[in-house]
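Take a look at the structure below.
Protein chains in written order, with the working numbering: chain D, 171 to 921; chain R, 24 to 193.
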């Protein structure tokens, strides 16, 4: 209590002194910090300081891991995470150039806990390494939640979420031109790797076809989480690949203390891309507001062998949210819009000869509420609801409408966040409901349908000495109802279908000695067929295929096992992971090699469920060569075959590796990265092989505080040698290679 | 135990959540009000007759028969009949008219016949005659080519037949 009083006195001093001055910083550095902690009503408040100089550190993301409440520290280093309920919380402080700091704090009813966070300024050469280490950690299931914060994303920020996380260990991107790119993790994509925005569905159709874009713009993201293992089953039953959650924070979860925000400018030369974005957060009485938006435009992509026609994009994205924050929790609401026009190139197998133009719009309304419960076993209740309206139209080069999709998705997710519960120390118990109204128009015979899903799930964690255990179990029921039951000569008997099943995961890890641990993750996934997989029938112009569903499909069960070990010391780190995934009925559209009866100019793709075996390995190595030089090496490999017959699965990435050197001069970080892949000759039927390639990127990053604002930026010359290379997961590879030499620039000012 | 204020907060949460999920239960799908509810030919095959003689047939993807013509010659008018999924003859315009639920409007459906090599064979005079579509084949030079029957609804393809072989001899 004494320290709380001292902190309270600190607030008084702070108010008297105004915002911390250099003198305040000096006082903080001199160890008088406890007397300067700001008050915020109740919760956690404090300062973030540079551990060496004692200077206040602004723009540090201070995050409560359990609730995802977050605030960036102000330019004076202060932060205020107000109106927290009593209990123990985990605080993570993150800023590029500094090592993450994790602290546990215990909030007592009515008190403000003061917290001084001293961040170790990573050797400047460590900045990029640190980023890579974190990313590499996330590529292993034993570190199930991986964070990319906005600062770290700056260097890699691409047009899409997939491009922003591409080439991290185990991650590749499936693409059909630059706009419709989607991540693939360990060879798993589609519905097996969920992409969420603020923990909820994005409402688009990107999981069902390679020409459908993800309706999420990474430019307005605060953080990107990659979640795997037991915790992923909170979000879905079929997540053997995992979950990518783009945290936009469109509904403020904490009452901002003052007006804050950021503005971003970016551009690329390879496609004349330019983009602008920004966000602001501010308080108004008990209400917190957030407004964000972005606008991007790009022209056709240039490659060493010519321009890739019909690949221009234009995207407008925006949201506005408000939240009423009280001592009991928060009630929030947001509205958002995402509008994108993009082209799909043509002229290759699996594409329309002249390309297709796609127009997609998504409107979303979401609510996010939290209620703190003063109970040891239940910490807080979280209720998320969303209503998403998605429209997608595909136009032929003549301008006539080819296909059209309309999807309305309604979600309701109630989660009890558990505290000490029996033998467990942390957990989530939840119930989830989704209603999906799906309609098609234009050149398609796919019936309009309604899909309803209900799930109950439980996740628990226990740390016992050197042992850490996580487990989850989830039960799902799903019905799919077409608007009419009929027999189609092409698809078969189109009828109502009902599915139910269990899924879950178990993880165990043991620390063998300081710095070395081993562990294992076991996963059992369950995925009901999507209605597109059951009933689709019609020409898919953008994919230049005639897709035929299969109403007799049974749920897809997958079993995953991973063994890993990691070793971490001050100057070196190694991680090795081996994994295998087995599917009883892996559902995928298979090119039958035959033409459609209705459209004999299009190949018939039929959804089939086949037994599949997948397996692979990942390696990560980091070495600190000198105070200013670091090197990192990573490699990943995955293979997949049909269990019966041993044919290769299509769209499996080849052996990939990267080698990076980082050097720092003052506030500048210079990077040299080599990335390459082996040839991929293990191809599926009707799929073309790709050759080995090697690419070099040069980059520079900076961060300065000028006039009280943090300025950050990155400039990267990608593919310095203008090498002509083809990524295996690109559908465009048959006609043109990947983009040529490209200067990518991003500048952001934080205020 | 939840206090009264917390209980009230709890109620607000659910009102907000359920209001959002139940919102727009009516015409909320973007395609509910869409004017692009296209009607399409549900053809599954095609037959081409020379008078009463069946020259070629595509039943689904099964193709039987072929065309033959000599250089410089033009065939008689060849008639096209479409087959539905049940294998019966099928008039696309009738079908489209029925789909209007009593409305007598007939949608524009047109025919396009394409050849793989117009230096070997060309198609002349494809048109609609009464309830039939007709066309003629002209031999240009000796060789092998292929011919495909396509129906257009507006300016996009509804039905595209498999390729039929055409042999042009001297």
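Even for Gly, the Cβ is constructed at its ideal location relative to N, Cα and C.
Supposed close pair residue i, residue j - CB separation, criterion 8 Å
i, j, result
"residue 658 of chain D", "residue 707 of chain D", "6 Å"
"residue 73 of chain R", "residue 99 of chain R", "6 Å"
"residue 936 of chain D", "residue 704 of chain D", "Because chain D in this structure spans residues 171 to 921, residue 936 of chain D falls outside the shown range and cannot be described."
"residue 420 of chain D", "residue 464 of chain D", "At roughly 13 Å, the Cβ-Cβ gap does not stay under 8 Å, so residue 420 of chain D and residue 464 of chain D are not in contact."
"residue 362 of chain D", "residue 409 of chain D", "7 Å"
"residue 93 of chain R", "residue 193 of chain R", "7 Å"
"residue 651 of chain D", "residue 619 of chain D", "6 Å"
"residue 160 of chain R", "residue 189 of chain R", "7 Å"
Among the options, the one whose alpha carbon lies nearest that of residue i
i, options, result
"residue 383 of chain D", "D:508, D:412 and D:427", "D:508"
"residue 69 of chain R", "R:175, R:133 and R:182", "R:182"
"residue 238 of chain D", "D:424, D:338, D:330 and D:273", "D:424"
"residue 828 of chain D", "D:340, D:274 and D:757", "D:340"
"residue 849 of chain D", "D:837, D:866, D:842 and D:821", "D:821"
"residue 685 of chain D", "D:741, D:450 and D:748", "D:741"
"residue 783 of chain D", "D:723, D:819, D:797 and D:763", "D:819"
"residue 134 of chain R", "R:102, R:54 and R:144", "R:102"
"residue 925 of chain D", "D:215, D:380, D:621 and D:895", "The requested residue 925 of chain D is not part of the displayed model; chain D covers only 171 to 921."
"residue 889 of chain D", "D:908, D:903 and D:866", "D:866"
"residue 503 of chain D", "D:485, D:470, D:545 and D:553", "D:553"
"residue 263 of chain D", "D:240, D:796, D:379 and D:278", "D:240"
"residue 630 of chain D", "D:661, D:596, D:636 and D:541", "D:596"
"residue 923 of chain D", "D:877, D:289 and D:524", "Examination of residue 923 of chain D is not possible in this model, given that chain D is present from 171 through 921 alone."
"residue 184 of chain R", "R:80, R:191, R:93 and R:144", "R:80"
"residue 351 of chain D", "D:551, D:624 and D:481", "D:481"
"residue 798 of chain D", "D:772, D:831 and D:367", "D:831"
"residue 411 of chain D", "D:730, D:660, D:280 and D:573", "D:730"
"residue 232 of chain D", "D:274, D:396, D:542 and D:765", "D:274"
"residue 859 of chain D", "D:882, D:872 and D:902", "D:902"
"residue 764 of chain D", "D:269, D:660 and D:545", "D:660"
"residue 132 of chain R", "R:160, R:175 and R:165", "R:175"
"residue 396 of chain D", "D:439, D:697, D:417 and D:875", "D:417"
"residue 880 of chain D", "D:265, D:251 and D:261", "D:265"
Identified DSSP bridge partners for residue i
i, result
"residue 536 of chain D", "D:504 and D:556"
"residue 492 of chain D", "D:459 and D:503"
"residue 687 of chain D", "D:681 and D:736"
"residue 608 of chain D", "D:577 and D:619"
"residue 134 of chain R", "R:174"
"residue 478 of chain D", "D:471"
"residue 272 of chain D", "D:262"
"residue 353 of chain D", "D:343"
"residue 697 of chain D", "D:726"
"residue 775 of chain D", "D:717 and D:761"
"residue 94 of chain R", "R:162"
"residue 441 of chain D", "For residue 441 of chain D, which the question treats as bridged, DSSP gives no partner whatsoever."
Residue i beta carbon near the ligand FAD (any heavy atom closer than 7 Å)
i, result
"residue 910 of chain D", "This structure lacks the ligand FAD, and indeed carries no ligand of any kind."
Residues within the stretch 332-352 of chain D neighbouring chain R, beta-carbon criterion of under 7 Å
Listed by position along the chain: nothing, the set is empty.
Can you check the stretch 717-762 of chain D for any beta strand (DSSP E) of at least 3 residues that lies completely inside it and give the ranges in chain order?
If only uninterrupted beta strand (DSSP E) runs of at least 3 residues are considered, those enclosed by the stretch 717-762 of chain D are 726-738.
Can you pull out the residues from the stretch 485-506 of chain D whose beta carbon lies closer than 8 Å to at least one beta carbon of chain R?
Contact residues of the stretch 485-506 of chain D toward chain R are 496, 498, 499, 501 and 503 (C-beta to C-beta distance below 8 Å).
Contact residues within the stretch 769-782 of chain D, judged by C-beta distance below 8 Å to chain R
Those would be 769, 770, 771 and 772, in chain order.
Output needed in chain order: residues of the stretch 560-577 of chain D with a Cβ under 7 Å from some Cβ in chain R.
Listed in sequence order: 561, 566, 568, 570, 571, 572, 574 and 576.
For the stretch 597-626 of chain D, enumerate the residues whose C-beta is nearer than 9 Å to any C-beta of chain R, in chain order.
For the stretch 597-626 of chain D, which is checked against every Cβ of chain R, the residues closer than 9 Å are 603, 605, 607, 608, 609, 610, 611, 612, 613, 614, 615 and 618.
Which runs of the beta strand (DSSP E) spanning at least 3 residues fall entirely within the stretch 391-424 of chain D, listed in chain order?
Listed in chain order, the complete beta strand (DSSP E) runs (minimum 3 residues) inside the stretch 391-424 of chain D are 393-397 and 412-417.
If the cut-off is 8 Å on Cβ atoms, which residues from the stretch 30-41 of chain R count as contacting chain D, listed in chain order?
Residues of the stretch 30-41 of chain R with a C-beta atom less than 8 Å from some C-beta of chain D are 32, 33, 35, 36, 37, 39, 40 and 41, listed in chain order.
Along the stretch 650-674 of chain D, where does the CB come closer than 7 Å to a CB of chain R? Name the residues.
Under the 7 Å Cβ criterion, the stretch 650-674 of chain D contributes 659.
For the stretch 434-461 of chain D, which residues have a beta carbon sitting closer than 9 Å to at least one beta carbon of chain R?
Correct list: empty, as no residue qualifies.
Given a limit of 7 Å on CB to CB distance, which residues of the stretch 78-90 of chain R reach chain D?
So the list reads 83 and 84, given in the order they occur along the chain.
Listed from N- to C-terminal order along the chain, which residues in the stretch 750-767 of chain D have their beta-carbon within a distance smaller than 9 Å of any beta-carbon of chain R?
Listed in sequence order: 764, 765, 766 and 767.
Mind listing, in chain order, the continuous beta strand (DSSP E) runs of no fewer than 3 residues lying wholly within the stretch 782-816 of chain D?
Listed in chain order, the beta strand (DSSP E) runs fully inside the stretch 782-816 of chain D are 799-812, counting runs of at least 3 residues.
Beta strand (DSSP E) runs wholly inside the stretch 856-915 of chain D, at least 3 long, in chain order:
If we require 3 residues or more, the beta strand (DSSP E) runs fully inside the stretch 856-915 of chain D come out as 863-876 and 879-888.
Closer than 9 Å, Cβ to Cβ, to anything on chain R: give me those residues from the stretch 414-428 of chain D, in chain order.
With the criterion set as a beta carbon lying under 9 Å from some beta carbon of chain R, the stretch 414-428 of chain D has no members that meet it.
Which of the residues in the stretch 678-701 of chain D, read from start to end, lie with their CB under 7 Å from any CB of chain R?
If the cut-off is 7 Å between Cβ atoms, the stretch 678-701 of chain D has nothing near chain R.
Below 7 Å between beta carbons is the criterion; list the residues of the stretch 524-541 of chain D that meet it against any residue of chain R, in chain order.
The residues in question are 535, 537, 539 and 541.
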